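Numbers in my numbering are just positions in the sequence shown, counted from 1, shifted up by 168. The beta-carbon is built from N, C-alpha and C at its ideal position, and this holds for glycine as well. These figures come from a predicted structure and were not determined experimentally. Notes follow once the structure below has been shown.
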Amino acid sequence: MKQTKEVIIFGGGVIGLMIARELAKRKIGQICIVEKGAVGMGSSWAAAGMLSPDCESLEKDGFYGLCKASLSLYPALAEELRSETGIDIELDLKGSLKVAHSQQEAAVLTETVKNQNKAGIRAELVKSQSLKEFEPALSDQVSLVAFYPEDGVVENRRLVAALRRSCLDLNVDIKEHCLAEGLSANNLGKPNQTFVVRLRNGPEIEAKKIVIAAGAWSGEFLAHENRDIQFKPIRGQMLSYRVRNLELGHIIQSEECYLVYRRDRRLLVGSTSEDVGFKKAVTAEALSRLRESAEALIPALKSIVPNEAWAGLRPKFAKGEPLIGPLGNIQDVLVATGHYRNGILLAPITAKIISDCFDGNALVYNQFLPHDIRIGLGGKLIAAA
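If you want it as structure tokens, here you go:
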């Protein structure tokens, strides 16, 4: 039996969940999430939850502004989710540290901070004699640290759990382990246009609008003739330690890895960036490299064996910046994907942009004209530029 919805969202990661929650709160109509696996168990689960636009930016360009705007939404979001679901997403805005091991790295870091300050990005250098005040566990071999006081982190696994609970409470229809096999349009280009989605192990669903937020799998729905701007997955591998007598107060980043401490006494170490297709697996070589890099930063880790390792697939589009907004060549199709390494950070602003489009404010964030994209499923286009 065919079901009728107002909106179908392809993808149940942090982006899809955040959009569904925002649309439901605005009372857009009945929302349905279609997820090929389990909600929140893809790249959203595999991430580290870093919210670090300052540490990773050199100038205040448009993308930086987007990241900072999204970060500013997190305090209110954390309180709302705690009130709605009772889940603490463990938002921590104590800042991040970028470390230098050698004189060469210190010189580069000094110049970086100088340029960031000129651009208006808050950053300050911390000399070796003051490092222990910031992070007592840091190696004595660290010669210089840059402190970014406005960066932060969130517990991404608790975040997706809270978003899922919130969506269910708002009567969002979440269809897990459902693979879309067909996508077609009725009355294409006319005022009464609708989209019909056929699921392999679920009902046929008709909706007025669709949102593509399928992460690394967005390429199943979107196509472009220029291969340089197609979507593709980028694998990231991570490991974690269970630590008892060690605690970090900040995110710590080096050229080789980053460290994120959790309140449950896990220490996460990430991450690689590998263009290997959809091979979601860990490798001994990468994990060995991550462990060596982590121990160089925190010598106490040498006596601890990592207790977990995993990999995730980040959705990369073009130069690593996302596509957010409506497609110009086909009405009522919106895209929210290609967030690459910033999916957790950009989820709140992405949900706002997409939801604003439903309210008549057709904002976009993309690197090329949206009508350059074509939409379809399984190689069958339903519209073309």
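(message) Give the list of continuous beta strand (DSSP E) stretches no shorter than 3 residues that lie fully inside the segment 324-353.
(response) Contiguous beta strand (DSSP E) elements confined to the segment 324-353 occur at 341-343, taking only those with 3 or more residues.
(message) What does the alpha-carbon distance come out to for the pair ASN475 and ASN324?
(response) Indexing the sequence shown from 1 puts residue 475 at position 307. Indexing the sequence shown from 1 puts residue 324 at position 156. In a straight line, the C-alpha of ASN475 is about 19 Å away from that of ASN324.
(message) Please report the distance separating the alpha-carbon of VAL267 from that of VAL313.
(response) To locate residue 267, count along the sequence shown from 1; it is residue 99. To locate residue 313, count along the sequence shown from 1; it is residue 145. In a straight line, the C-alpha of VAL267 is about 4 Å away from that of VAL313.
(message) Tell me the rounded alpha-carbon separation between PRO243 and LEU259.
(response) For this step, residue 243 is matched to residue 75 along the sequence shown. For this step, residue 259 is matched to residue 91 along the sequence shown. The alpha-carbon atoms of PRO243 and LEU259 are separated by roughly 7 Å.
(message) Quick check: what's the CA-CA separation for PHE446 versus VAL365?
(response) Translated into the one-based positions of the sequence shown, residue 446 becomes position 278. Translated into the one-based positions of the sequence shown, residue 365 becomes position 197. Answer to the nearest angstrom: the Cα atoms are 24 Å apart.
(message) So for THR362, helix, strand or coil by DSSP?
(response) Residue mapping note: residue 362 aligns to position 194 of the sequence shown, counting from 1. THR362 falls in the strand class under three-state DSSP.
(message) Is it buried or exposed, LEU537, if we count other Cβ atoms within 10 angstroms and call 16 or more buried?
(response) For the purposes of this step, residue 537 is taken as residue 369 along the sequence shown, with counting starting at 1. Bear in mind that the predicted position of LEU537 carries a pLDDT of just 40, short of 50, making it unreliable; the figure below should be weighed with that in mind. Label assigned to LEU537: exposed.
(request) For the beta strand (DSSP E) holding ARG434, just list the boundary residues, first then last. (result) Locating residue 434 in the sequence shown gives position 266, counting from the first residue. 434-438 is the extent of the beta strand (DSSP E) around ARG434.
(request) Identify every run of the beta strand (DSSP E) within the segment 248-274, keeping only runs that are complete inside it and at least 3 residues long; order them along the chain. (result) The segment 248-274 contains these whole beta strand (DSSP E) runs: 264-268.
(request) Express the C-alpha separation of VAL340 and ARG561 in angstroms, rounding to a whole number. (result) Nothing in the structure corresponds to residue 561, since the chain is present only between 169 and 553.
(request) Look up ALA381 in the DSSP assignment and say whether it is helix, strand or coil. (result) Counting from one through the sequence shown, the residue named residue 381 turns up at place 213. ALA381 falls in the coil class under three-state DSSP.
(request) Determine the DSSP secondary structure at PHE302, reduced to helix, strand or coil. (result) On the sequence shown, residue 302 is found 134 positions in, with the first residue counted as 1. Of the three classes helix, strand and coil, the one that applies to PHE302 here is helix, per DSSP.
(request) For ALA449, I'd like the list of residues in its chain whose CB is within less than 7 Å of its CB, leaving aside the five on either flank, ordered along the chain. (result) Position 281 of the sequence shown, counting from 1, holds the residue named residue 449. These residues qualify, in order along the chain: ALA479.
(message) Using only the alpha-carbon positions, how far apart do LEU416 and SER264 sit?
(response) Start at 1 with the first residue of the sequence shown, and residue 416 comes out as number 248. Start at 1 with the first residue of the sequence shown, and residue 264 comes out as number 96. Near 11 Å, if we compare the C-alpha coordinates of SER264 and LEU416.
(message) Closest to GLN405 by C-alpha separation, out of SER311, GLY383 and THR451, would be which residue?
(response) Taking the first residue of the sequence shown as 1, we reach residue 405 at position 237. The residue with the shortest Cα to Cα distance from GLN405 is THR451.
(request) For my contact list, LEU407 and LEU455 are in at a C-beta cut-off of 8 Å; report their separation, rounded to the angstrom. (result) In the sequence shown, counting from the first residue as 1, residue 407 sits at position 239. In the sequence shown, counting from the first residue as 1, residue 455 sits at position 287. Between LEU455 and LEU407 the Cβ distance is about 5 Å, and since that is below 8 Å, they are a contact.
(message) My output table needs one value for VAL182: the three-state DSSP class, helix, strand or coil.
(response) Locating residue 182 in the sequence shown gives position 14, counting from the first residue. If DSSP states are grouped into helix, strand and coil, VAL182 belongs with the helices.
(message) DSSP three-state label for ARG457, please.
(response) Position 289 of the sequence shown, counting from 1, holds the residue named residue 457. The answer is helix: DSSP assigns ARG457 an H, G or I state.
(request) For LYS484, collect the residues of the same chain with a Cβ closer than 6 Å to its Cβ; drop the 5 residues on either side in sequence, then sort them by chain order. (result) Locating residue 484 in the sequence shown gives position 316, counting from the first residue. Cβ neighbours of LYS484 beyond the five flanking positions: LYS400, ILE402 and TYR508.
(request) Ignore the nearest five residues each way along the sequence and tell me which others in CYS235's own chain have a CB closer than 7 Å to its CB. (result) Here residue 235 refers to the residue found at position 67 when the sequence shown is read from its first residue. Only PRO221, ASN510, LEU513 and LEU514 meet the Cβ criterion.
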